[in-house]
Amino acid sequence: MAKSSASGKSKMANLSGTSPSPRTPPPMSSCQMGVESRSTKPVNMKFALSKIRLACNNLVTKTIKKQPPIWPQTHSVWKAVVFLTVILLGIVLILSFWSSKSIRTSMRLSAGWSHTCFINDLGRVLCWGNNGSGQLGDGTFTSRSAPVPVTGLDAQAIAISAGKYFTCALTTVGGVKCWGANDVGQLGNAVSEWSSPLPVTIHGLEEDKIQSISAGGSHACALTQTGKVKCWGFNGRGQLGMGRESKFESVTEITQLNENIISIAAGAEHTCALTRNGTVTCWGDNQFGQLGDGTNERRPLPVDVIGLPPAVAISAGKNHTCAISHNKKVYCWGDNRYGQLGNGATEVSSRPVETLDLIKVILIDVGGQHSCALTGDHRLACWGFNRFGQLGNGKNADSKIPSSVPSISRPILEIAAGGEHTCAWLGHEKIICWGSNSFGQLGNGSTAQQHLPVNVLP
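In structure tokens form, the structure reads like this:
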């Protein structure tokens, strides 16, 4: 569903999607790998490549000084997927930094309740699935079973986040654009019964340098480069963290948070943030203990998660939340009626419990009532609700422990858990999806549900 945020910086966008841990990219040698280019005019490639190397070196030099003290000095905890969009001499470059043992973040692929969006190699957003509220952004309200381009983005996208029935993108110029449902202010402007099938600018963020966004059920949040969190939309459960509950709020800063926030994750009606020292704090609805504070009391102000080891990544779903700890284990809390906490039980837990059978986890994403994680040895495992095959194991029985997704022949770069479906990006614009497909959210040209991965149409 709404996943953790993706982050970006001005001239060279340093992105994260499920936004975890350190902001330090891999060494320059990795920076020079995995470069894909699209050129619009003849260029001196030797000169261009020298500039790319210089830019990468500057990025490493600049960010390595800001590395949080909690993370050890090792490449294995560096942000592993850094999506850089560089416009240089007519070349649009996307540089992906990753290694099989690094903590990764999702930024180019995001799954909503019943739609999916992806940023291609040119920085264009493609969406497919349910479009009843205009959440595909193609100017219509027609659902699509194959990818269609978003219309009206005035700049390349560097981060995407799909909410329940709306979608938001962060662009290369630092602006946040959203489209889709707006019945409770999801688009950040005046509440309207009318959805917008085209992107609109989120006002109230113009003076900020936004580094990450996260769209939830009917609200969204943005994280600034100075560590401030600003949210908008539905606030009926206190999910905007303002100390009050209301139907709608325009963009407002959460003043109770310190300025050491490095990641945000918006769930259905709750929100969580990760601090530089590894603490996770949450607010909003808490009916199932999804705030992790040991209670079931709704919290309109941030409260710390109790009993969680220092975390490096977070993800919020419908009524549960998960985190990757500093030692690469997974801890989850909240609703567990379908086994979505992965601890072998179905009892709801208002405190973190360790997910079983997972080690060296590098990526986590939480969906409606299921969860998925990727390990350093390329194992993708999902657990929880499986009526529609969203666990991808070829079955439709729920699983209380992680169940491996078979038949994936290439390394996975990103995962996206939606309401009742799941997708994975394998690089080079190759995407696979599985699970519910009633609106075409698997993007394979049909509406038949799939219990095993299928290819998204190009």
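At position 58 of the sequence shown the residue is numbered 64 (the working numbering), and the sequence of numbers has no breaks.
All C-beta atoms, glycine included, are put in the ideal place defined by N, C-alpha and C.
Fair warning: this is a prediction, and the values are worked out from it, not measured in the lab.
* Considering only C-alpha positions, which residue in the set Cys123, Asn392, Ser269 and Val372 is nearest to Ile218? -> If you number the sequence shown from 1, residue 218 lands on position 212. What sits at residue 218 in the sequence shown is Ser, not Ile. Taking only the C-alpha atoms, the option nearest Ser218 is Ser269.
* May I ask which residues mark the beginning and end of the beta strand (DSSP E) holding Thr258? => Position 252 of the sequence shown, counting from 1, holds the residue named residue 258. Thr258 -> beta strand (DSSP E) spans Ser252 to Glu259.
* Asked: Is Leu204 helix, strand or coil when you go by DSSP?
  -> Here residue 204 refers to the residue found at position 198 when the sequence shown is read from its first residue. Residue state, collapsed to three classes: strand.
* In the segment 230-311, which residue ranges form an unbroken beta strand (DSSP E) of at least 3 residues, counting only runs that do not cross its ends? -> If we require 3 residues or more, the beta strand (DSSP E) runs fully inside the segment 230-311 come out as 235-241, 252-259, 267-272, 276-281, 286-290 and 305-310.
* Between Lys334 and the rest of its own chain, which residues show a CB-CB distance below 6 Å, the 5 nearest in sequence each way excluded? -> Start at 1 with the first residue of the sequence shown, and residue 334 comes out as number 328. Taken in chain order, the residues that qualify are Lys366 and Val367.
* **Endpoints, beta strand (DSSP E) assigned at Asp371** => One-based indexing of the sequence shown puts residue 371 at position 365. Its beta strand (DSSP E) spans residues Val367 to Val372.
* Own chain, CB closer than 8 Å to Phe254, minus 5 neighbours either side, in chain order -> One-based indexing of the sequence shown puts residue 254 at position 248. For Phe254, where only same-chain residues beyond five positions count, the Cβ hits under 8 Å are Val190, Gly191, Val197, Gly239, Phe240 and Asn241.
* Asked: From what residue to what residue does the beta strand (DSSP E) around Trp440 run?
  -> Sequence index remark: in the sequence shown, residue 440 carries index 434 (1-based). Taken as a continuous stretch (DSSP letters only), the beta strand (DSSP E) holding Trp440 covers Ile437 to Gly441.
* When the Cα of Thr157 is compared with those of Gly298, Leu204, Ser452 and Gln141, which residue comes out closest? -> Numbered from 1 along the sequence shown, position 151 holds the residue referred to as residue 157. For the residues Gly298, Leu204, Ser452 and Gln141, the minimum Cα distance to Thr157 belongs to Leu204.
* Asked: What whole-angstrom Cβ distance do Ala3 and Phe172 have, given they're in contact under 8 Å?
  -> Given a span of 7 to 464 for the chain in the structure shown, any question on residue 3 remains unanswerable.
* At least three beta-carbon pairs within less than 8 Å, the segment 117-128 to the segment 412-419 -> With contact defined as three or more Cβ pairs closer than 8 Å, the segment 117-128 and the segment 412-419 are not in contact.
* To do: Note down the Cα distance separating His326 from Tyr337, rounded to an integer number of angstroms.
  => By 1-based counting over the sequence shown, the position of residue 326 is 320. By 1-based counting over the sequence shown, the position of residue 337 is 331. For His326 and Tyr337, the distance between alpha carbons rounds to 11 Å.
* Taking the C-alpha atoms as reference points, what is the distance between Arg282 and Ile267? -> In the sequence shown, the residue the question calls residue 282 occupies position 276. In the sequence shown, the residue the question calls residue 267 occupies position 261. CA-to-CA, the gap between Arg282 and Ile267 works out to about 6 Å.
* Using only alpha-carbon positions, find the residue among Gly210, Glu213, Glu303 and Cys328 that is nearest to Cys278. => Sequence index remark: in the sequence shown, residue 278 carries index 272 (1-based). Closest in alpha carbon position to Cys278, among Gly210, Glu213, Glu303 and Cys328, is Cys328.
* Does the beta carbon of Gly191 fall short of 6 Å from some heavy atom of the ligand HEM? -> Judged by which ligands are present, the structure shown has none, so any question about the ligand HEM falls away.
* As assigned by DSSP and simplified to three states, the class of Thr177 -> Residue numbering aside, residue 177 sits at position 171 when the sequence shown is read from its first letter. Strand.
* To do: Could you tell me which residues DSSP pairs with Gln456 in its beta bridges?
  => Sequence index remark: in the sequence shown, residue 456 carries index 450 (1-based). Paired residues: Gly441.
* Between the Cα of Ile260 and the Cα atoms of Ser252, Ala271 and Met248, which residue gives the shortest distance? -> One-based indexing of the sequence shown puts residue 260 at position 254. Minimum Cα distance to Ile260 is reached at Met248.
* Asked: What's the call for Thr178, buried or exposed, on a 16-neighbour Cβ count within 10 Å?
  -> On the sequence shown, position 172 is the one that residue 178 refers to. When all chains shown are included, Thr178 counts as buried.
* To do: Using three-state DSSP, classify Gly169 as helix, strand or coil.
  => The residue labelled residue 169 in the question sits at position 163 within the sequence shown. Three-state DSSP puts Gly169 in coil, outside helix and strand.
* **Cα-Cα separation, Arg393 to Gln455** => Taking the first residue of the sequence shown as position 1, residue 393 is located at position 387. Taking the first residue of the sequence shown as position 1, residue 455 is located at position 449. C-alpha of Arg393 to C-alpha of Gln455: approximately 10 Å in a straight line.
* To do: Using three-state DSSP, classify Val359 as helix, strand or coil.
  => Here residue 359 is taken as the residue at index 353 of the sequence shown, counted from 1. Here Val359 carries a strand assignment [DSSP, helix/strand/coil].
* Leaving out five residues on either side along the sequence, give the residues of the same chain with a beta carbon under 7 Å from the beta carbon of Ser201. => Residue numbering aside, residue 201 sits at position 195 when the sequence shown is read from its first letter. Non-local C-beta neighbours of Ser201 in its own chain, meaning closer than 7 Å and more than five positions away in sequence, comprise Ser139, Gly140, Gly186, Ala187 and Asn188, ordered along the chain.
* Between Gly135 and Phe445, which are expected to be in contact by the criterion C-beta below 8 Å, what is the C-beta distance as a whole number of angstroms? -> Translated into the one-based positions of the sequence shown, residue 135 becomes position 129. Translated into the one-based positions of the sequence shown, residue 445 becomes position 439. Indeed, because the Cβ distance is near 5 Å, the residues count as touching under 8 Å.
* Nearest-angstrom Cα distance between Pro155 and Gly194? -> For the purposes of this step, residue 155 is taken as residue 149 along the sequence shown, with counting starting at 1. For the purposes of this step, residue 194 is taken as residue 188 along the sequence shown, with counting starting at 1. Rounded to whole angstroms, Pro155 to Gly194 spans 22 Å at the Cα level.
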